[in-house]
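K.L.:
Residue numbers (my numbering): 233 to 534.
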Ligand code: FVH
């Protein structure tokens, strides 16, 4: 579908869903000078945005009709479908660009993309890598996948939210990469929680430990280790680069000390078991990156 944006600074954009994130997105669009129409199931949540200049739509169909670009930011995909089936919504969708930033799975994104395309609209799936408070700030970014023409045409509008990163035509790419990034984040949270337990069990100050030691350490490890581990993941060659796996699992110091200090090993334990299994499988001379073969064997596919 062809799209032309005469004046990106004044685009008609609709936002369906005014929870914490939808409200932040609509506010960012207003701040960037766009004509914003908003709809939310609980109507009063639109009041503050209407005071700032947004137009209130009474139904999802009315909101869809008002926007060249229709942002959908609802709790989950199960709630998105009925909005698009709202009386008149199907006809209103023709020629629109639907940007769905609701979190879901790649399969859900592909299914919705097909449905939206069938109604004559372009579909972009979005994965917001930010919390509402940092929408519009430099550290925020949003992943997009789906209709590239629509992304190029409306990129400036989307840039009001955060740095826009386009991943490809498959609508499932944004949710997949979103979940991969969240997995990395939760791994870091798990590491923090175990470390905090150890420090607290010895009467230490967790805030000071985190500020002075843990954050600098994690930054150093992320910068020095992750790029090499990522290359090994792509090549399948896990040759050790100074810290072989057998050395790392030679004794269970973290587990032993944690148990002695009354700290649960439930967070650290699963990774430890995989590291030991990889050594038992004969890969002790390799790096910890080889554990990936137990997480997802090379060539294993989906
Ligand atoms: N907030 C965050 O930090 C994360 C950042 C990354 C992206 N997520 C995803 O964004 C989607 C919306 O999240 P949210 O933070 O805005 O969520 P809530 O504040 O809980 O608002 C939920 C909105 O969804 C509406 N809603 C729920 N069920 C229905 C339904 N059946 N029909 C219509 N609307 C529905 C709800 O409406 P109401 O309760 O106010 O009437 C809110 O507008 C989400 O996918 C995150 O994973 C946010």
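Each residue gets a CB set at the ideal place from its N, CA and C atoms; glycine is no exception.
Judging by CA-CA distance, which residue of 270, 463, 335 is the nearest neighbour of residue 310?
P.N.:
For the purposes of this step, residue 310 is taken as residue 78 along the chain shown, with counting starting at 1. Of the listed residues, the one whose Cα sits closest to residue 310 is 335.
K.L.:
Under a Cβ-count criterion, where at least 16 other Cβ atoms within 10 Å of its own Cβ denotes burial, should residue 238 be classed as buried or exposed?
P.N.:
Translated into the one-based positions of the chain shown, residue 238 becomes position 6. Here residue 238 scores only 45 on pLDDT, less than 50, and its place in the model should not be relied on; the value that follows carries that caveat. By the neighbour-count rule (16 or more Cβ atoms within 10 Å), residue 238 is not buried but exposed.
K.L.:
With respect to the beta strand (DSSP E) encompassing residue 354, which residues constitute its N-terminal and C-terminal limits?
P.N.:
The residue labelled residue 354 in the question sits at position 122 within the chain shown. Looking at the DSSP string, the run of the beta strand (DSSP E) that includes residue 354 is 354–361.
K.L.:
For the ligand FVH, is there a heavy atom less than 7 Å away from the beta-carbon of residue 296?
P.N.:
The residue labelled residue 296 in the question sits at position 64 within the chain shown. Incorrect: residue 296 has no Cβ contact closer than 7 Å to the ligand FVH.
K.L.:
What residue does the alpha helix (DSSP H) around residue 467 start on, and which one ends it?
P.N.:
Residue numbering aside, residue 467 sits at position 235 when the chain shown is read from its first letter. From DSSP, the alpha helix (DSSP H) with residue 467 extends over 447–467.
K.L.:
Residue 383 by DSSP, collapsed to three states: which one?
P.N.:
Counting from one through the chain shown, the residue named residue 383 turns up at place 151. If DSSP states are grouped into helix, strand and coil, residue 383 belongs with the helices.
K.L.:
Would you decide whether residue 360 is buried or exposed? Buried here means 16 or more other CB atoms lie within 10 Å of its CB.
P.N.:
Position 128 of the chain shown, counting from 1, holds the residue named residue 360. With 16 or more other Cβ atoms within 10 Å, it is buried.
K.L.:
Does the Cβ of residue 272 have 16 or more other Cβ atoms within 10 Å, making it buried, or fewer, making it exposed?
P.N.:
Indexing the chain shown from 1 puts residue 272 at position 40. By the 10 Å Cβ count, residue 272 comes out buried.
K.L.:
Kindly indicate which three-state DSSP category residue 527 falls into: helix, strand or coil?
P.N.:
Stepping through the chain shown from its first residue, residue 527 is reached at position 295. Residue state, collapsed to three classes: helix.
K.L.:
Please work out which residues of its chain come closer than 8 Å, Cβ to Cβ, to residue 478, disregarding the five sequence neighbours upstream and downstream, and give them in chain order.
P.N.:
Position 246 of the chain shown, counted from the first residue, corresponds to residue 478. For residue 478, where only same-chain residues beyond five positions count, the Cβ hits under 8 Å are 511, 516, 517.
K.L.:
Determine whether the beta carbon atoms of residue 342 and residue 403 lie at a separation below 8 Å.
P.N.:
Within the chain shown, the letter at position 110 stands for residue 342. Within the chain shown, the letter at position 171 stands for residue 403. Yes, the Cβ-Cβ distance between residue 342 and residue 403 is below 8 Å.
K.L.:
Just to confirm, is the Cβ distance from residue 378 to residue 353 under 8 Å?
P.N.:
In the chain shown, counting from the first residue as 1, residue 378 sits at position 146. In the chain shown, counting from the first residue as 1, residue 353 sits at position 121. No; because the gap between Cβ atoms is not below 8 Å, this pair is not in contact.
K.L.:
Could you check whether the segment 395–409 touches the segment 367–381, counting it as contact only if at least three pairs of C-beta atoms, one from each stretch, sit closer than 8 Å?
P.N.:
Segments in contact, yes.
K.L.:
Identify, in the order they occur along the chain, each residue of the same chain with its Cβ nearer than 7 Å to the Cβ of residue 337, setting aside the five sequence neighbours on each side.
P.N.:
Taking the first residue of the chain shown as position 1, residue 337 is located at position 105. If we look at residue 337 and ignore the five residues flanking it on each side, its Cβ neighbours are 407.
K.L.:
In the DSSP output, what is residue 409 paired with across the bridge?
P.N.:
Looking up residue 409 in the chain shown gives position 177. DSSP lists no partner for residue 409.
K.L.:
Hey, residue 260 and residue 368: beta-carbon distance below 8 Å or not?
P.N.:
On the chain shown, position 28 is the one that residue 260 refers to. On the chain shown, position 136 is the one that residue 368 refers to. Their beta carbons are under 8 Å apart, which means residue 260 touches residue 368 by this criterion.
K.L.:
At the level of alpha carbons, what is the spacing between residue 277 and residue 250?
P.N.:
For the purposes of this step, residue 277 is taken as residue 45 along the chain shown, with counting starting at 1. For the purposes of this step, residue 250 is taken as residue 18 along the chain shown, with counting starting at 1. About 6 Å.
K.L.:
Taking a contact to mean a Cβ-Cβ separation below 8 Å, would you say residue 246 touches residue 296 in this structure?
P.N.:
Counting from 1 along the chain shown, the entry for residue 246 is found at position 14. Counting from 1 along the chain shown, the entry for residue 296 is found at position 64. Taking 8 Å as the Cβ cut-off, residue 246 and residue 296 qualify as a contacting pair.
K.L.:
Work out the CA separation of residue 300 and residue 313 for me, nearest whole Å.
P.N.:
Within the chain shown, the letter at position 81 stands for residue 313. Within the chain shown, the letter at position 68 stands for residue 300. When rounded, the distance between both Cα atoms is 19 Å.
K.L.:
Just checking, does the segment 488–508 make contact with the segment 448–465 on the three C-beta pairs under 8 Å criterion?
P.N.:
As far as the Cβ criterion goes, the segment 488–508 does not touch the segment 448–465, which means the pair count is below three.
K.L.:
Would you list the residues sitting across from residue 248 in a DSSP beta bridge?
P.N.:
Taking the chain shown and counting its residues from 1, one reaches residue 248 at position 16. Answer by DSSP bridge pairing, in chain order: 271, 304.
K.L.:
Closer than 8 Å by C-beta to residue 507: which residues in its own chain qualify, once you throw out the five before and the five after it? Chain order, please.
P.N.:
Position 275 of the chain shown, counting from 1, holds the residue named residue 507. Taken in chain order, the residues that qualify are 477, 480, 481, 520, 523.
K.L.:
Are residue 284 and residue 257 touching if we call contact CB-CB under 8 Å?
P.N.:
What you label residue 284 is simply residue 52 of the chain shown in a count that begins at 1. What you label residue 257 is simply residue 25 of the chain shown in a count that begins at 1. It is not a contact, given that the beta carbons lie outside the stated cut-off.
K.L.:
Should residue 356 and residue 382 be called a contact, given that it needs their Cβ atoms to be closer than 8 Å?
P.N.:
Within the chain shown, numbered from 1, the residue matching residue 356 stands at position 124. Within the chain shown, numbered from 1, the residue matching residue 382 stands at position 150. Yes; because the gap between Cβ atoms is below 8 Å, this pair is in contact.
K.L.:
Can you tell which of 466, 473, 505, 529 has the C-alpha that lies nearest to the C-alpha of residue 227?
P.N.:
Residue numbering for the chain in the displayed model covers 233 to 534; residue 227 lies beyond these limits and cannot be assessed.
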